[in-house]
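Visitor:
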Amino acid sequence: MRPPKLTRQTEIKTIDSFPDYAMLFMEQKMITVHSLDYPVSFGDCDPAGIVFYPHVYAWFDRTFHDWLRQFGGHGALCERLGAIGIGLLEASARFLRPMRDGDSLILTLSLEEWGRKTLRLSYEGRVGGDITVVGSEVRALFKHGNTGMVAAEIEALRSMVEANGQER
């Protein structure tokens, strides 16, 4: 029996509901390139005592920029590529379990898919052994064009990443 086709719309109740073939699919499609430990503090939480959701997006961004440090950081990398920046086009998150003051969050960054002008990234946050949040971003390399800022071919960035041993 063939497993059903997996799409971005596939409903996931909890990580425990992932069939084995879905986990295998995820492992084959993505490569984890970076992780960052983040201690959740009182200031990260809302009045209910759980992490205020916009902080998660900031943590995704921080993890991405921390990964770029191995290439000299965002500014140096953009200078080498002749780019204005590696900007965010799309972001999403799915909150599976609450995170609270005192938790030690481990965020992992995976390269999911290279497009002609975009890079899709995946994030997974864990506290202890539990997945608390999953998310994704689509980023593009922006350069000056005749009509203003435009998304540019991203192959040069991909080559740098792959030369560093981080392939998908």
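Position one of the sequence shown corresponds to residue 19 (this note's numbering), numbered consecutively onward. Backbone N, C-alpha and C define an ideal beta-carbon position, used for all residues, glycine too. Since the model is a prediction, treat every value here as computed from it, not as a measurement.
#1: In terms of residues, what are the limits of the beta strand (DSSP E) holding Phe-60?
#2: Could you say which of Gly-153, Ala-101 and Leu-125 lies nearest to Trp-85 if we only look at CA atoms?
#3: Assign Thr-150 to buried or exposed, taking buried as 16 or more other Cβ atoms, counted over all protein chains shown, within 10 Å of its Cβ.
#4: What does a CB cutoff of less than 6 Å around Val-152 pick up in its chain, not counting 5 residues either side in sequence?
#5: CA-CA distance, Ile-49 and Arg-115?
#6: Taking 8 Å as the threshold (C-beta atoms), are Ala-101 and Leu-159 in contact?
#7: Between Arg-98 and Cys-63, how many whole angstroms is the CB-CB distance? I'm expecting something under 8 Å.
#8: Pick out whichever of Leu-139, Gln-88 and Gly-120 has its Cα sitting closest to the Cα of Gly-105.
#9: Return the Cβ separation of Asp-121 and Val-58 in integer angstroms, given the expectation that the two are a contact with Cβ distance under 8 Å.
#10: Please go through the same chain and pick out, in chain order, the residues whose beta-carbon is closer than 6 Å to the beta-carbon of Asp-144, but skip the five residues on each side of it.
Guide: With the given structure in hand:
#1: Taking the first residue of the sequence shown as 1, we reach residue 60 at position 42. Counting along the chain, Phe-60 falls outside any beta strand (DSSP E), and DSSP gives it neither H nor E.
#2: The residue you call residue 85 lines up with position 67 of the sequence shown. The residue with the shortest Cα to Cα distance from Trp-85 is Leu-125.
#3: As a working mapping, residue 150 is identified with position 132 in the sequence shown. In summary, Thr-150 is buried, with 16 or more beta-carbon neighbours lying within 10 Å of its beta-carbon over all protein chains present.
#4: Residue numbering aside, residue 152 sits at position 134 when the sequence shown is read from its first letter. Scanning its chain for C-beta atoms nearer than 6 Å, with the 5 sequence neighbours on each side dropped, one finds around Val-152 the residues Arg-112 and Glu-142, in chain order.
#5: For the purposes of this step, residue 49 is taken as the residue at position 31 of the sequence shown. For the purposes of this step, residue 115 is taken as the residue at position 97 of the sequence shown. The alpha-carbon atoms of Ile-49 and Arg-115 are separated by roughly 24 Å.
#6: Walking along the sequence shown from the start, residue 159 turns up at place 141. Walking along the sequence shown from the start, residue 101 turns up at place 83. It is a contact, given that the beta carbons lie within the stated cut-off.
#7: In the sequence shown, counting from the first residue as 1, residue 98 sits at position 80. In the sequence shown, counting from the first residue as 1, residue 63 sits at position 45. The pair is not a contact, with the Cβ atoms about 39 Å apart (cut-off 8 Å).
#8: Looking up residue 105 in the sequence shown gives position 87. The shortest Cα separation from Gly-105 among Leu-139, Gln-88 and Gly-120 belongs to Leu-139.
#9: Within the sequence shown, residue 121 is the residue found at index 103, counting from 1. Within the sequence shown, residue 58 is the residue found at index 40, counting from 1. That belief holds up - the Cβ atoms of Asp-121 and Val-58 are roughly 4 Å apart, short of 8 Å.
#10: Position 126 of the sequence shown, counted from the start, is the residue given in the question as residue 144. Note that residue 144 corresponds to Arg in the displayed sequence, not to Asp. Cβ neighbours of Arg-144 beyond the five flanking positions: Ile-124.
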